[in-house]
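As structure tokens, the structure follows; a few thoughts come after it.
Protein chains: 2
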Amino acid sequence: MRNPSEQNYIQQLSIDCVIFGYQEKQLKVLVPKLNFKGDFWALPAGFIYQDEGIDQAARRILEERTGIRDIYLDQFRVFGNTERSNLSFMERLIELNHEILGDKSLNRKEFEWVTRRFVSIGYYALVDINKVIPQKHDIDETIDWYPIRNLPPMIMDHHEIVENALETLRRNLDEKLIAFNLLPETFTMKEVQELYEAIYDKPFARNNFQKKILDLNVLERLEKKFTGAANKAPYLYRFQMS
Amino acid sequence: MRNPSEQNYIQQLSIDCVIFGYQEKQLKVLVPKLNFKGDFWALPAGFIYQDEGIDQAARRILEERTGIRDIYLDQFRVFGNTERSNLSFMERLIELNHEILGDKSLNRKEFEWVTRRFVSIGYYALVDINKVIPQKHDIDETIDWYPIRNLPPMIMDHHEIVENALETLRRNLDEKLIAFNLLPETFTMKEVQELYEAIYDKPFARNNFQKKILDLNVLERLEKKFTGAANKAPYLYRFQMS
Chain S
1 MRNPSEQNYI
11 QQLSIDCVIF
21 GYQEKQLKVL
31 VPKLNFKGDF
41 WALPAGFIYQ
51 DEGIDQAARR
61 ILEERTGIRD
71 IYLDQFRVFG
81 NTERSNLSFM
91 ERLIELNHEI
101 LGDKSLNRKE
111 FEWVTRRFVS
121 IGYYALVDIN
131 KVIPQKHDID
141 ETIDWYPIRN
151 LPPMIMDHHE
161 IVENALETLR
171 RNLDEKLIAF
181 NLLPETFTMK
191 EVQELYEAIY
201 DKPFARNNFQ
211 KKILDLNVLE
221 RLEKKFTGAA
231 NKAPYLYRFQ
241 MS
Chain U
1 MRNPSEQNYI
11 QQLSIDCVIF
21 GYQEKQLKVL
31 VPKLNFKGDF
41 WALPAGFIYQ
51 DEGIDQAARR
61 ILEERTGIRD
71 IYLDQFRVFG
81 NTERSNLSFM
91 ERLIELNHEI
101 LGDKSLNRKE
111 FEWVTRRFVS
121 IGYYALVDIN
131 KVIPQKHDID
141 ETIDWYPIRN
151 LPPMIMDHHE
161 IVENALETLR
171 RNLDEKLIAF
181 NLLPETFTMK
191 EVQELYEAIY
201 DKPFARNNFQ
211 KKILDLNVLE
221 RLEKKFTGAA
231 NKAPYLYRFQ
241 MS
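These protein sequence lines are chains S and U, in that order.
Under my numbering, the first residue of the first sequence is numbered 1, with each subsequent residue one higher.
Under my numbering, the first residue of the second sequence is numbered 1, with each subsequent residue one higher.
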């Protein structure tokens, strides 16, 4: 890992990641809690090395947080109003007489560049939640999956960033056929419907939904799922782009 | 106008604008030609002041180029690979023994910050071409509308930026009902169809197209257009979001 010092990064530019997973019929977002007094949650984020493309930086940040490399991700929006600064957040940290884990202590001078105004590029990622082992950074107390309708209070405009990512996900769902990234390799039609219902936060009529999904021509039907009651066993499907 | 010196701007971050207009049944893009020997064309672009939001910066850049303030514009993508640098472009300029109009001369030291790697936020704008009076900057030789299928050779990844803007325009056309920004206040149904055909670069069947557009419920029908041949006069419409 390279030295993440000021000179190595593009200044005043960051990446914020909205990592979506699906579990217990709920759409969830991976959010670390910072290890400072005062209960701060913030989206997984990072900076861009001078010799690194922005997509490459986003992929690195995601891999650091999820342990997996091959993830669906896409840019969705840049957040760049003038109030986007970590200054008040850092000031509050200093006020709260924070401590950082390990042998690092928060040196005002050293962290000054972080407190400037930041323009942030929002990326969203879709993962199979079962494959992810969430990774804490040094400055994190915890990192957990939160239902999108029950997120912890996050710093700055991070709630707006999540809302914006969700809107993009909904808008792209049909066109880009990306929802299947949130499911395990095989799934039933009922599970697809429940996923769509979680994403759109509304119910769909079963027959119409099935027809619509099958008409996409991207699902391969496998053997029936063994449930013990053979006649009611649902088919399993696999996403298969031809 | 403020002093556009290095310190006032966020470093290594720029905005590139794809300004779409519609004329002579063609989708066009506004492109300045730089006033240097060597024939350089580049999208209208600019930097972001430290005390300016990114949307505000895009709006300022667009107003400088079009003379109008109330323009439809939206971000569409960030371009941030590591090769995005003006260095080779600037070097070639220096090689070519360029001259800049007026009393400015290109001082290598002064322009050094401009030659670093830049991450650029792409914005696209839709304008009524008849309302625009294209504005040259000091460093421009000309600024003109070019058909999107007949653009001049532009620097760096500017062709990719235009292609990306066009894809976004197509994707958003139905959902966001933005095409009407390219038309004058009143128009015939035939003109709407020709506009859509220019944007998608393919013909539409007249009846289906009419039905689809009218079903959007966003057009107010006005009196017939006077053509001299009353029985063949088409209706005029106006965009009217309820």
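Don't be surprised by glycine CBs; every beta carbon is placed ideally from N, CA and C.
Computed from a predicted model, the values in this text were never measured in an experiment.
Query raised in the report: Three-state secondary structure (DSSP) at Lys-211 (chain U)?
Result: Of the three classes helix, strand and coil, the one that applies to Lys-211 (chain U) here is helix, per DSSP.
Query - Residue from U:Lys-212, U:Ile-213 and U:Tyr-235 whose Cα sits closest to the Cα of Leu-222 (chain U) - result: When each option's Cα is compared against that of Leu-222 (chain U), the closest is U:Tyr-235.
Report task. Within 10 angstroms of the Cβ of Gly-67 (chain U), are there 16 or more other Cβ atoms? Answer buried if so, exposed if not. Result -> Gly-67 (chain U) should be labelled exposed.
Query - Backbone secondary structure at Gln-75 (chain S) - three-state DSSP - result: Correct three-state label for Gln-75 (chain S): strand.
Query raised in the report: Using the C-alpha atoms, what's the distance from Tyr-9 (chain S) back to Leu-27 (chain S)?
Result: Looking at the two C-alpha atoms, the distance is approximately 33 Å.
**Report entry** Whole-angstrom distance between Ile-121 (chain S) and Tyr-123 (chain U), CA atom to CA atom
**Finding:** Spanning the two alpha carbons is a distance of roughly 14 Å.
Query - Bridge-paired residues (DSSP) for Glu-220 (chain S) - result: Paired residue(s): S:Arg-238.
Query raised in the report: Is Gln-11 (chain S) close to chain U, meaning its C-beta is less than 8 Å from at least one C-beta of that chain?
Result: At a cut-off of 8 Å between beta carbons, Gln-11 (chain S) contacts chain U.
Query raised in the report: Are the beta-carbon atoms belonging to Leu-30 (chain U) and Pro-134 (chain U) less than 8 Å from one another?
Result: It is a contact, given that the beta carbons lie within the stated cut-off.
Query raised in the report: Do we get a CB-CB distance below 8 Å when we pair Thr-82 (chain U) with the residues of chain S?
Result: Answer yes: the Cβ-Cβ gap between Thr-82 (chain U) and chain S drops below 8 Å somewhere.
Query - Neighbour-count burial assignment, Gly-21 (chain U), 16 or more Cβ in a 10 Å radius - result: Gly-21 (chain U) is buried by the Cβ-count criterion.
Query - Segment limits, beta strand (DSSP E) that includes Thr-142 (chain U) - result: Where Thr-142 (chain U) is concerned, the enclosing beta strand (DSSP E) starts and stops at 140-147.
Query raised in the report: Out of curiosity, what's the CA-to-CA distance linking Ala-58 (chain S) and Gly-46 (chain S)?
Result: Going by C-alpha positions, Ala-58 (chain S) is about 8 Å away from Gly-46 (chain S).
**Report entry** Counterpart residues of Gly-122 (chain U) in DSSP-defined beta bridges
**Finding:** Partner(s): U:Asp-16 and U:Arg-77.
Report task. Check the C-beta distance from Lys-33 (chain U) over to Thr-142 (chain U) and give it rounded, since I have them as a contact under 8 Å. Result -> That belief holds up - the Cβ atoms of Lys-33 (chain U) and Thr-142 (chain U) are roughly 5 Å apart, short of 8 Å.
Query raised in the report: In terms of alpha-carbon separation, which member of S:Val-162, S:Met-156, S:Asp-138 and S:His-137 lies closest to Arg-149 (chain S)?
Result: Comparing Cα-Cα distances from Arg-149 (chain S) to each of S:Val-162, S:Met-156, S:Asp-138 and S:His-137, the minimum goes to S:Val-162.
Requested in this report: Count the other CB atoms, across all protein chains shown, that sit within 10 Å of the CB of Arg-69 (chain S); report buried if there are 16 or more and exposed otherwise.
Outcome: With fewer than 16 other Cβ atoms within 10 Å, it is exposed.
Report task. For Met-156 (chain S), count neighbouring C-beta atoms within 10 Å of its own C-beta (all shown protein chains included) and say buried if the count is 16 or more, exposed if not. Result -> Burial call: buried.
Query - Opening and closing residue of the alpha helix (DSSP H) in which Ile-255 (chain S) lies - result: An answer regarding residue 255 (chain S) cannot be provided, because it is not within the stretch 1 to 242 covered by chain S.
Query raised in the report: What separation, rounded to the nearest whole angstrom, lies between the Cα atoms of Leu-169 (chain U) and Glu-175 (chain U)?
Result: For the pair Leu-169 (chain U) and Glu-175 (chain U), the Cα-to-Cα distance works out to about 10 Å.
Query raised in the report: So which of S:Asn-217, S:Arg-65 and S:Ile-15 has the shortest CA-CA distance to Phe-79 (chain S)?
Result: Per the Cα distances, S:Ile-15.
Query raised in the report: So is Glu-91 (chain U) in contact with chain S if we call contact Cβ pairs under 8 Å?
Result: No, because no Cβ of chain S sits closer than 8 Å to the Cβ of Glu-91 (chain U).
Query raised in the report: Can you tell which of U:Glu-24, U:Thr-82, U:Phe-40 and U:Leu-173 has the C-alpha that lies nearest to the C-alpha of Glu-52 (chain S)?
Result: Checking every option, the nearest Cα to that of Glu-52 (chain S) belongs to U:Thr-82.
Requested in this report: Determine the burial state of Ala-205 (chain U): buried for a count of at least 16 other Cβ atoms within 10 Å of its Cβ, exposed for fewer.
Outcome: In the assembly as shown, Ala-205 (chain U) is an exposed residue. Its beta-carbon has fewer than 16 other beta-carbons within 10 Å.
Query raised in the report: Ordered along the chain, which non-local residues of its own chain (more than five positions away) have a Cβ less than 6 Å from that of Met-189 (chain U)?
Result: In the same chain as Met-189 (chain U), and ignoring 5 residues on each side of it, the C-beta atoms closer than 6 Å to its own belong to Gln-210, in chain order.
Query raised in the report: Using the beta-carbon of each residue, which ones in chain U are nearer than 8 Å to Leu-53 (chain S)?
Result: In the sequence on display, residue 53 (chain S) carries Gly and not Leu. Contact of Gly-53 (chain S) with chain U by beta-carbon distance below 8 Å involves Gly-80, Asn-81 and Thr-82.
Query raised in the report: Can you tell which of S:Val-119, S:Pro-203, S:Arg-77 and S:Trp-41 has the C-alpha that lies nearest to the C-alpha of Ile-48 (chain S)?
Result: The shortest C-alpha separation from Ile-48 (chain S) is found at S:Val-119.
Query - Residue nearest to Ile-61 (chain U) in terms of C-alpha spacing, selected from U:Gln-12, U:Arg-77 and U:Lys-136 - result: Taking only the C-alpha atoms, the option nearest Ile-61 (chain U) is U:Lys-136.
Requested in this report: From the DSSP output, read off the bridge partner residues of Arg-117 (chain S).
Outcome: Paired residues: S:Ser-85.
Query raised in the report: Relative to the alpha-carbon of Asn-164 (chain U), which residue among U:Gln-11, U:Cys-17, U:Met-241 and U:Glu-64 has its alpha-carbon at the smallest distance?
Result: Nearest option by C-alpha distance: U:Cys-17.
Query raised in the report: Distance, Cα to Cα, Asp-138 (chain S) vs Asp-39 (chain S)?
Result: Distance between the alpha carbons of Asp-138 (chain S) and Asp-39 (chain S) is about 16 Å.
Report task. Let me know if Asn-86 (chain U) comes out buried or exposed under the rule of 16 or more other beta-carbons within 10 Å of its beta-carbon. Result -> Classification for Asn-86 (chain U): buried.
Requested in this report: Figure out for me which residue from U:Ile-71, U:Tyr-237 and U:Pro-203 has the closest Cα to the Cα of Val-218 (chain U).
Outcome: Ranking U:Ile-71, U:Tyr-237 and U:Pro-203 by Cα distance to Val-218 (chain U) puts U:Tyr-237 first.
Requested in this report: Identify whether Met-90 (chain U) lies in helix, strand or coil by the three-state DSSP scheme.
Outcome: Helix, per DSSP.
Requested in this report: Answer yes or no: does any C-beta atom of chain S fall closer than 8 Å to that of Gln-7 (chain U)?
Outcome: At least 8 Å separates the CB of Gln-7 (chain U) from every CB of chain S.
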